Every structure is written in structure tokens, then in C-alpha cells.
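Undergrad: For the sequence shown, my numbering gives the first residue as 4, with consecutive numbering after it.
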Amino acid sequence: MKLSAVILAAGQGTRMKSRLPKVLHPILGRPMAYYALEAARQVTQSTPVMVIGHAAEQVRKALGDQAEYVLQEPQLGTGHAVMQAEPFLAGKSDLVLVIYADMPLLTAQTLGLLVEKSRSHTGPVSMLMVTADETRGFGRILRDRNGHVMGIVEEAQATTEQLEIHELNPGVYCFQADWLWNALKRIQLSPKGEYYLTDLVGMAVEQGADIQPMSVENPSEVIGINTRVHLAQAEVLMRQRINQAWMLAGVSMIDPANVYIESGVTLGQDTVLWPGTYLHGSTQVGAGCVIGPDTIIRDSIIGNNCTLLASVLEGALLEDHVEMGPYCHLRKGAHLCSGVHMGNFGEVKNSTLGPGAKMGHFSYLGDTTVGAKANIGAGSITCNYDGEHKYPTEIGEGAFIGSDTMLVAPVKVGAFAKTGAGAVVTTDIPPHTLAVGIPARVIKELKK
Ligand code: UD1
Ligand code: CA
């Protein structure tokens, strides 16, 4: 039986009080709607149809080709929203899963179980339900004396008695497709002027069909996001979920509540994360590393057995056994080869430090290549920018850059050359020589 998914994302989300459409508010670095899309894709193995309306272009642009899009204009309720997907899906699938873009914690696993339920029953409607103390404005599930589901009543229309019901409708359904497309056309306008998708439940019952409700084991899966308070709750839960998965995969966290790992990040076994570690974007961390406390890494690749203390990395590449911090800043294009050591207050941009190179204290390298085992003395700086253009610096293998050297680019320091403390290097220095002064002059040859 072919299965497809419709994701509702056309509503405005007024209660977010935001210029950003609700479904684009980020949770752990991804737009909220991404999570519903991903879960739907996993169960259906196909591209979901997303119903957009409010800020449609912005939503479409942000989510790209992860979904097919259909416009709902004007937005006349959840039933009306699903109706818009009919031209896309009619005749192409046997079952239709309907979920919301503002329910990011719902797992593919739960959706899979709901689909199973649908496949093993003949009724046209299977739906999730949740029992919770906090009703959060959800529709109430009505049952008859024998416990059969009879319908759903929206909170706004519920009687005082019905408001006491704590069996709630999260709004996640699996429908038989042909039945769905027919039934949608028969929904009546609600007193609020909307077409309620929830009316389909009562409609199926009237036709003598059984509804298959499926209880959600973990109520936090169906937290819908309506306000920024809900957004923060979802962020915490998502973070816990991701952190737990990494701990179970062999990553240690000293204080998981203070570790932020976005969903695109990967980590190796026996890596230890200290509090205040933030791993963003497409960051990959190898095995046996110690990261933090207080380290922020974005879109970077870290090899195995690296130690990073209180540092900030963006777009950097570290090979194995790199040691860094406290207080280093690696910017785009920083490449630290195996065994590099960087001490406090180092900044590296668009530069490669060769294997075993050392840069212990207060230095800046920009647009530079540093050979293996070279030593960058305290306070040394590449002057790579003259106010108009940027120029490269080359530091040869085994070179020793004396403290407080200014390397005025473009310039080359040969292999095993040395500069004296405070040198201002404006012309190339040959290999195996010592240069000192301002501007730096070669004063002697060094033994090979
Ligand atoms: C809906 C359900 C309610 C359920 C609750 C769970 C109906 C009538 N009610 O109510 O029983 O407990 O969800 O969260 O279905 N949307 C559109 N187009 C529209 C209207 C809504 O795409 O015209 C989208 C919204 O963007 C959102 C989702 O549908 O993602 C739910 O809409 P919302 O207005 O939040 O429904 P609720 O009133 O919460
Ligand atoms: Ca809602």
C-alpha cells in the first residue's frame, strides 16, 4: 500500500509574536518544520507535500526541495488545508499521513506505528491520542459508553463537561486516501468559519466505521509549538534526546544539560564534552577528544584525540592530536595538521599549520602556510592586509619565529630560519639564516 504524507504549515502562528513565520523558528539550529519533514520522509520514503500559506515564499525558500509545496490561500482551517493536497496525491497513494509542521518532537517511530495500525485495520481513520493533565487547547476525544471513539470536539466548542476530558487530539492522522478526498468535500463550515479536519472523525463514525486511536507513550512527542515558551520547552527536549543518543553511542558528557549538539553533528566514541560546549552545523568530532568547557564549534572537522579548551572554531579542519586553548579562535580555512599545539590567545584564518607546529601565545596568522615543526613565538603576527589587499605569508619547516615578530606580507621565511625578537620582516629570509631588526636583515648563517 502506497503511503504519502501531508504536512500542514500554512497557519500564521500569531502567538509567536514574530516577523519570522512560526514554522521557521529554529530548534537546535534547524527550522522547526525540518523535523516534521524528516520524520515524514523516514516513514513514507517519499517527498512530503507541505501546505503553505502564511509567508509561503519564505517557508519554501528556507526548506527547499525537501518537500513539494501546495499553496492554501486563504487559510480556512485544517480540513481546508488537507484538501489542497488532493491534486498532488489523489490516485497516487492508498494511505495519507497528516501531521503539523509545528510538532517537531514527533518521531518517525511513532508515525511508523500509526501507519502499521492503519494497515492492519479496515477503518478509514487511525489517529494518535494523548492523555495529559495540561490540555494546551487541544481538541477533546469523545467516546461512547463502550469506549468507542465517537468524535472530537474543539476546545472552543466544548461544553464544561467535555472540557474535563483529558484524552486529547494531537492532530496526527493516517487516512485511507480515497475515503479522505471524498470526506473532505463534505465538511461543514464551523461556527468559527473554518473547515475542521477533526470533523472527519465524527463523519467516519456516522458511516458506521471504527476509529483506531493509538496512544502516544511519551506525551512530549506531541508538544505543539504555539508560543516562544513552547519553543524553549521543545528545544530542551530535543537537546535531551540528541544528547542521550550520543551518550548511548559512547560519548561522555559531564553535564548534559549544558551541552548543545545540533542535529547535523557527528561524534566519535570516548569523546568527552565538558559544560558549555556548543557544536553547530555540520561539525564532525572524532574519537577520544576532550572538548570544553566553554567551546563553540561551527561547521568544523576535528580529528581523533584532540583537546580543545575554551575556544571558538568556525569552518576549521583539525587533524589528530591537536591541542588548543584556552582562548583560541580558528576562523574559516584554518587547517591544523596532526600534533599542532596552540596556546592561549591564538587566532588563525585561512592558514595551514604543518604537523607538529607550535604557536604558544598571543599570535595571529592569516593567509599563511607554516611548515612542519615550525615555532611561532609569543606575540608574532602576520600583517596580511595593507588596507586594500590581502597577501600570503610562507613560513618554512622548522623555522623559529622570535617573539613579537611582524611578518609583513607578502613574505617568506625559509626552512629552519630564525627571526630575532621584535623583528619586522619585510623581505624574504633565506633558509638557515638568522634575521633581526627593523626592517629585518640577515646577520648570520645557521648550522644545518
Ligand atoms: C488543531 C485541531 C485540534 C488539535 C490541535 C493539536 C482542528 C480543527 N483542530 O487545532 O483538535 O488538538 O490541532 O495541535 O484540526 N493550518 C493550516 N491551514 C489552516 C489552519 C491551520 O495549514 O487553514 C496548520 C497550522 O499551520 C498548524 C496546524 O495546521 O501547523 C494546526 O493548526 P492550528 O490552528 O494550530 O490548529 P489548532 O487550533 O491548534
Ligand atoms: Ca496549534
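Positions of the beta carbon are idealized from the N, C-alpha and C atoms, including for glycine.
Keep in mind that this is a model prediction, so the values were computed, not measured.
1) Quick one: what's C386 bridged to in DSSP?
2) For the segment 172 to 225, which segments carrying the alpha helix (DSSP H) assignment without a break, of at least 4 residues, lie completely within its bounds, in sequence order?
3) When DSSP labels each residue in this structure, what does H83 get in the three-state scheme?
4) Taking the Cβ atom as the reference point for each residue, do L339 and E350 lie within a distance shorter than 8 Å?
5) How far does the alpha helix (DSSP H) with L74 in it extend, from its first residue to its last?
6) Would you check if the distance between the CB atom of V156 and the CB atom of L145 is smaller than 8 Å?
7) What residue does the alpha helix (DSSP H) around A59 start on, and which one ends it?
8) At a cut-off of 7 Å, would you count H233 as near ligand 1, judging by its Cβ distance to the nearest heavy atom?
9) Looking only at DSSP bridge pairs, what is P29 linked to?
10) Would you please state the rounded distance, in angstroms, between the beta carbons of L98 and V85? I believe it to be under 8 Å.
11) Taking only the alpha-carbon atoms, compute the straight-line gap between N185 and G150 and give it to the nearest angstrom.
12) Which same chain residues end up closer than 6 Å to L27 when comparing Cβ atoms and leaving out the 5 residues on each side of it in sequence?
13) Compare the beta carbon distance of G237 and I10 with 8 Å and say whether it is the shorter of the two.
14) Would you report the Cα separation of A292 and C309, rounded to the nearest angstrom?
15) Okay, do the segment 341 to 359 and the segment 368 to 375 touch, 3+ Cβ pairs below 8 Å being the bar?
16) Per DSSP, which residues does G14 bridge with? Please list them.
17) Would you list the one or two residues that DSSP bridges to H283?
18) With hydrogens ignored, establish whether the beta-carbon of H3 is closer than 7 Å to any heavy atom of ligand 1.
19) Confirm the yes/no value for this check: CB of P173, any heavy atom of ligand 1, distance under 7 Å.
20) Give me the Cα-Cα distance between A192 and A260, rounded to the nearest whole angstrom.
21) From the DSSP secondary-structure annotation, give me the bridge partner or partners of E397.
22) Taking the continuous beta strand (DSSP E) assigned at T134, which residues delimit it?
23) Between the Cα of L114 and the Cα atoms of R18, V225, D258 and R148, which residue gives the shortest distance?
24) Considering only their Cβ atoms, is the gap separating H435 from K451 smaller than 8 Å?
25) What residue range does the alpha helix (DSSP H) around R231 cover?
26) What does G154 pair with, by DSSP beta-bridge criteria?
27) Would DSSP call K120 helix, strand or coil?
28) Does the beta-carbon distance from G346 to H324 come in below 8 Å?
29) Going by alpha carbons, who is nearest to K352 out of D389, Q215, L333 and A212?
30) Our contact map puts A12 next to A36 with C-beta atoms below 8 Å; I'd like the distance itself, whole angstroms only.
31) If you draw a straight line from the alpha carbon of S49 to that of Y394, how long is it in whole angstroms?
32) Straight-line CA distance for E60 to G253?
33) Please find out if some non-hydrogen atom of ligand 1 comes closer than 7 Å to the beta-carbon of Y199.
34) G380 and I404: beta carbons closer than 8 Å?
35) With a 10 Å radius around its C-beta and 16 neighbouring C-beta atoms as the bar for buried, classify L92 as buried or exposed.
36) Rounded to whole angstroms, what's the CA-CA distance from L449 to L437? Just pull it up for me.
TA: In terms of the structure at hand:
1) Paired residue(s): V411.
2) With a minimum length of 4 residues, the unbroken runs of alpha helix (DSSP H) contained wholly in the segment 172 to 225 fall at 180 to 187 and 202 to 209.
3) Three-state DSSP puts H83 in a helix.
4) Pairing L339 with E350 gives a Cβ-Cβ distance that is not under 8 Å.
5) Annotation for L74: no alpha helix (DSSP H) segment contains it, though the beta strand (DSSP E) segment containing it runs E71 to L74.
6) Less than 8 Å separates the beta-carbon of V156 from that of L145.
7) Residues A59 to L66.
8) Because no heavy atom of ligand 1 lies under 7 Å away, the Cβ of H233 does not count as near it: no.
9) For P29, which the question treats as bridged, DSSP gives the partners P34.
10) Actually they do not touch by this definition, with Cβ atoms about 13 Å apart.
11) For N185 and G150, the distance between alpha carbons rounds to 27 Å.
12) P34 and A65.
13) What sits at residue 237 in the sequence shown is Ala, not Gly. Against a cut-off of 8 Å, the Cβ pair of I10 and A237 comes out as no contact.
14) The amino acid occupying residue 292 in the given sequence is Cys; Ala does not appear at that position. Distance between C292 and C309, taken at the CA atoms: about 5 Å.
15) Under the Cβ criterion (8 Å, minimum of three pairs), the segment 341 to 359 counts as touching the segment 368 to 375.
16) Paired residue(s): none; G14 is not in a bridge.
17) Beta-bridge partners assigned by DSSP to H283: R301.
18) It is not possible to answer for residue 3, since the shown part of the chain is limited to 4 through 451.
19) Because some heavy atom of ligand 1 lies under 7 Å away, the Cβ of P173 counts as near it: yes.
20) The question names Ala, yet the displayed sequence has Leu at residue 192. The alpha-carbon atoms of L192 and A260 are separated by roughly 46 Å.
21) Beta-bridge pairing links E397 to T372 and K415.
22) Its beta strand (DSSP E) spans residues V128 to T134.
23) The residue with the shortest Cα to Cα distance from L114 is V225.
24) Closer than 8 Å, so yes.
25) Note, R231: alpha helix (DSSP H), R231 to L251.
26) BP columns for G154 point to L145.
27) Judged by DSSP in its simplified three-state form, K120 adopts helix.
28) Taking 8 Å as the Cβ cut-off, G346 and H324 do not qualify as a contacting pair.
29) Closest by alpha carbon: L333.
30) Contact flag correct, Cβ pair sits at about 6 Å.
31) If you take the alpha carbons of S49 and Y394, they lie about 49 Å apart.
32) Taken atom to atom, the span from the alpha-carbon of E60 to that of G253 is near 42 Å.
33) In terms of side-chain proximity, the C-beta atom of Y199 is found nearer than 7 Å to a non-hydrogen atom of ligand 1.
34) Cβ distance < 8 Å, so G380 and I404 count as in contact.
35) With a 10 Å radius around the Cβ and a threshold of 16 neighbouring Cβ atoms, L92 comes out buried.
36) Taking the straight line from one Cα to the other gives about 7 Å.
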